[in-house]
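S.K.: Just so we're aligned: the sequence shown equals residues 216 to 848 in the working numbering. Handing you a structure now.
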Amino acid sequence: MTQTYADFHRRSLTERDSFWAEQAKRIDWQTPPQQVCDASRPPFARWFVGGTTNLCHNAVDRHAATRPEDQALIWVSTEVGQEKIYSFAQLQAEVEAMAAILLAQGVGQGDRVLIYMPMVPEAAFAMLACARIGAIHSVVFGGFASVSLASRIDDAAPKLIVSTDAGSRAGKRIAYKPLLDEAIALSAHKPTGVLMVDRGLVPFERVVGRDLDYATLRRQHDSARVPCAWLESNTPSYTLYTSGTTGTPKGVQRDVGGYAVALATSMDWIFGGKAGETYFSTSDIGWVVGHSYIVYGPLIAGMATLMFEGTPVQPDAAVLWSLVEKYRVTVMFSAPTAVRVLKKHDAALLKRHDLSSLRALFLAGEPLDEPTGRWIAEGLGVPIIDNYWQTETGWPLLTVAHHIAGVEAVPTRFGSPGVPMYGYDVKLLDETSGVELSEPNQKGVLVIEHPLPPGALQTVWGDDARFVNTYWKSVPGRNVYSTFDWGLRDAQGYTFILGRTDDVINVAGHRLGTREIEECISGHPAVAEVAVVGVADQLKGQVALAFAVPRETPASPEAALALEGQIMKRVDEQLGAVARPSRVLFVGILPKTRSGKLLRRALQAVAEGRDPGDLTTLDDPGALLQVKTLLHK
Ligand code: AMP
């Protein structure tokens, strides 16, 4: 008998414990949990209390034991022209060797290991090795530069850093080591060791007594056996930094057992992935999608995961599809920006390869506009599944789950990621009154009731107060988790995402805090003040645009251009090219309220050619006029 998805979803909330107890059986436990959910100390939630398990065991060892020769990790780099395939047995051997290296360097349970790596297998080995011994990994996206990296080093206080000589993007080598050395020089915390994976791409200097050579140590620990540490379900497994409204990034902290169960369940019900098949996510290990759906999720499900170092257009715009064909990919995950990049190329490229293995393409990270969605759906001839989530949630919060036995599938609808997933008690609230919006088509803040489901963040690393105050106290009178996204629900129950309620912007699916960029730019000696806003961009969804008040007006257009170049270089060097504004415009004054609050939203509206709305609080109307004139020049 089939039940409606709405009934099924309701049961996941009303019969929460029996629902998740059933899902917990998807993973191996050394000791079974004694309590499914301890929600007695809101807003904190503890899942599968008393149970002991291990993420690496569930992702690697249990498959290596039964299907040692099956493919586990397929690494393809079109940047360096290499491909490598690791079976589950080989992956386990690599992870054990890496774990032995970590242990030999004194890394123990609860110690942090910061991983600053491009898309290479050793990055996944390092993550899994940490999970194996109970060390907490903190992967920092390779696109971040020294200042961003330094603040993460200080927050995570890692004992060891795992890094490499260089990454490569579109054929250009990007040296990592100088950025890392600079970051360590800037940070107050100093790691005791830096484990260097030398790819032979860019020569680098070694710091004697600190830098370690991975290849040498790998040989020493070649056939090391390192058992999995059985960890209580609520032991932290990793932290992953994400941007918020302040300049300091937040370390999203996750557990072990809840995360493993949530991923195992989503791999089946949301993605429909099966052991023995191949999963391909084009994301990067530096982002949450990379954690959940390049490394842990597919492997926990016993699938091979395809890790790709390259761009979607090199050697040509059919490269992703050639990989789908070659490795018989069944489930694929990407971002709308990647599709918009492909859309600039011949649609015939979508048909050049045999895509008969592919069942669906999942897209997330930013709004999926309808034309992009339709273009790729028609080109590939497979369902396109939009899914909405955040670094904090760890797995999709809104989408359409198609693979739940006995439950009606919810049809996809372009423009909306879908409906709340099981386990998430999602509501739309009025921003000022906190009242729930029960009528359709009303715009409100998208929130989640306590307790968050398994897999979601436990807290902000080292700062419970920040977790409580940032996420749970933003809607007046309601102790609910705010997503900081505006949403709207239509009469059929589909939720539409209408943008952020805070100053976070989304560039090509990457979340950036405008404050971090502002802090970097205002550090330039020629800049008195700056405002950074996200403006709509056809390709990247949004791009950062900076409005700077110079200390002295540049003497000529050439001087202004030179200053703009210097500012962009500063952002590149300190934060990384991802954060670089598309333009820096020089203004005499920034739009502010009489109490001195920067009107970023009005600036953004003007920059996008929209009505800036109520400007009664604006101190000097000339400020916006100036911006308008500049933009239309
Ligand atoms: P991140 O934590 O970097 O993954 O960014 C999460 C944010 O990206 C969300 O809060 C949304 O603003 C946006 N986002 C992610 N997925 C979607 C989606 N499918 N549709 C619309 N916005 C999305």
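Cβ coordinates follow ideal geometry from the N, Cα and C atoms, glycine included.
Just to confirm, does Q468 get its C-beta within under 7 Å of one of the non-hydrogen atoms of the ligand AMP?
M.R.: No, since every heavy atom of the ligand AMP falls outside the 7 Å radius drawn around the Cβ of Q468.
S.K.: Contact between the stretch 691-700 and the stretch 423-434 is defined here as three or more beta-carbon pairs at a separation below 8 Å; is this criterion met?
M.R.: Contact between the stretch 691-700 and the stretch 423-434 is absent, because fewer than three Cβ pairs lie under 8 Å.
S.K.: At a cut of 8 Å, does the stretch 363-379 reach the stretch 387-396 through at least three beta carbon pairs?
M.R.: These segments touch.
S.K.: Since T493 and R543 are thought to touch, with beta carbons under 8 Å apart, how far apart are those beta carbons, to the nearest angstrom?
M.R.: Rounded, the Cβ-Cβ distance is 6 Å, consistent with contact.
S.K.: Suppose you measure from the CA of W290 to the CA of R256; what does that come to, to the nearest Å?
M.R.: About 43 Å.
S.K.: For the alpha helix (DSSP H) holding E213, just list the boundary residues, first then last.
M.R.: The structure shown does not extend to residue 213, since the chain is modelled only from 216 to 848, so the question has no answer here.
S.K.: Where does K812 fall in DSSP's three states?
M.R.: Looking at K812 - three-state DSSP - the assignment turns out to be coil, as it is neither helix nor strand.
S.K.: Alpha carbons only, please: which of Q605, V821, D834, R825 is nearest the one belonging to K843?
M.R.: When only C-alpha atoms are compared, the closest one is V821.
S.K.: In whole angstroms, what separates the C-alpha of V556 from that of K755?
M.R.: Looking at the two C-alpha atoms, the distance is approximately 9 Å.
S.K.: Is there contact between the stretch 512-525 and the stretch 450-459, where contact requires at least three CB pairs shorter than 8 Å?
M.R.: Touching, no, given that fewer than three Cβ pairs across the two stretches are closer than 8 Å.
S.K.: Below 7 Å, is the gap between the Cβ of F577 and the nearest heavy atom of the ligand AMP?
M.R.: No.
S.K.: Take R241 as the anchor and find which of A475, Q297, W502 has the nearest alpha-carbon.
M.R.: Of the listed residues, the one whose Cα sits closest to R241 is A475.
S.K.: Tell me which same chain residues have a C-beta within less than 7 Å of the C-beta of C864, skipping the five on either side of it?
M.R.: The structure shown does not extend to residue 864, since the chain spans only 216 to 848, so no value can be given for it.
S.K.: Is the Cβ-Cβ distance between T217 and T246 less than 8 Å?
M.R.: The answer is no: Cβ separation not under 8 Å.
S.K.: So, are the CB atoms of F682 and G472 less than 8 Å apart?
M.R.: It is not a contact, given that the beta carbons lie outside the stated cut-off.
S.K.: Mind checking which residues open and close the alpha helix (DSSP H) that includes W484?
M.R.: Where W484 is concerned, the enclosing alpha helix (DSSP H) stretches over 472-484.
S.K.: Using DSSP bridges, identify the partner residues of V544.
M.R.: For V544, which the question treats as bridged, DSSP gives the partners T493.
S.K.: Going straight from the alpha carbon of G505 to that of V597, what length do you get?
M.R.: So the alpha carbons of these two residues sit roughly 23 Å apart.
S.K.: For the stretch 276-294 against the stretch 403-412, are there 3 or more C-beta pairs whose distance is under 8 Å?
M.R.: Cβ pair count under 8 Å is below three, so no.
S.K.: Going by the C-beta, is W290 closer than 7 Å to any heavy atom of the ligand AMP?
M.R.: Checking every heavy atom of the ligand AMP against the Cβ of W290, none is found closer than 7 Å.
S.K.: With a threshold of 16 other CB atoms inside 10 Å of the CB of V158, please say whether the residue is buried or exposed.
M.R.: For the chain, the structure presents residues 216 to 848; residue 158 sits outside this window and is missing.
S.K.: Could you work out which residue in I300, P464, T219 is closest to T606 when comparing CA atoms only?
M.R.: Taking only the C-alpha atoms, the option nearest T606 is P464.
S.K.: Going by beta-carbon coordinates alone, are V310 and L343 separated by less than 8 Å?
M.R.: Closer than 8 Å, so yes.
S.K.: Quick one: complete beta strand (DSSP E) runs, 3+ long, within the stretch 405-432?
M.R.: Runs of the beta strand (DSSP E) inside the stretch 405-432: 408-412, 426-428.
S.K.: Please list, in chain order, all residues of the same chain as G677 whose beta carbon is under 8 Å from its beta carbon, the five residues on each side excluded.
M.R.: Hits under 8 Å: D370, G466.
S.K.: How far does the beta strand (DSSP E) with S353 in it reach, from first residue to last?
M.R.: It spans 351-354 - the beta strand (DSSP E) in which S353 sits, taken as one unbroken run.
S.K.: Looking at the unbroken beta strand (DSSP E) that takes in W701, where does it start and where does it end?
M.R.: Run containing W701: 696-704, per the beta strand (DSSP E) assignment.
S.K.: Mind reading off the beta-carbon distance from R327 to P258? Whole number of angstroms is fine, and I expect it under 8 Å.
M.R.: With 8 Å as the limit, R327 and P258 do not qualify as a contact, their Cβ atoms being about 24 Å apart.
S.K.: Checking 8 Å against the spacing of the C-beta atoms, do P635 and L613 come in under that value?
M.R.: In this structure, L613 lies closer than 8 Å to P635 by Cβ.
S.K.: Where A318 and D276 are concerned, what is the direct C-alpha to C-alpha distance, given to the nearest angstrom?
M.R.: The residue you asked about is not Ala; residue 318 is Leu in the sequence shown. So the two alpha carbons sit approximately 19 Å from each other.
S.K.: Would Y456 and V355 be called neighbours here (beta carbons separated by less than 8 Å)?
M.R.: Contact: yes.
S.K.: With DSSP as the reference, label S233 as helix, strand or coil.
M.R.: Helix, per DSSP.
S.K.: Between the alpha carbons of G296 and A385, how many angstroms are there, rounded?
M.R.: Whole-angstrom Cα-Cα distance: 12 Å.
S.K.: Which stretch, first to last residue, makes up the beta strand (DSSP E) that contains L455?
M.R.: Start and end: 453-457.
S.K.: In chain order, what residues of the same chain lie with their CB nearer than 6 Å to the CB of G811, ignoring the 5 residues before and after it?
M.R.: The answer is none, since no qualifying residue turns up.
S.K.: Among G357, L538, C345, which has the Cα closest to the Cα of V793?
M.R.: Measuring from the Cα of V793, the nearest candidate turns out to be G357.
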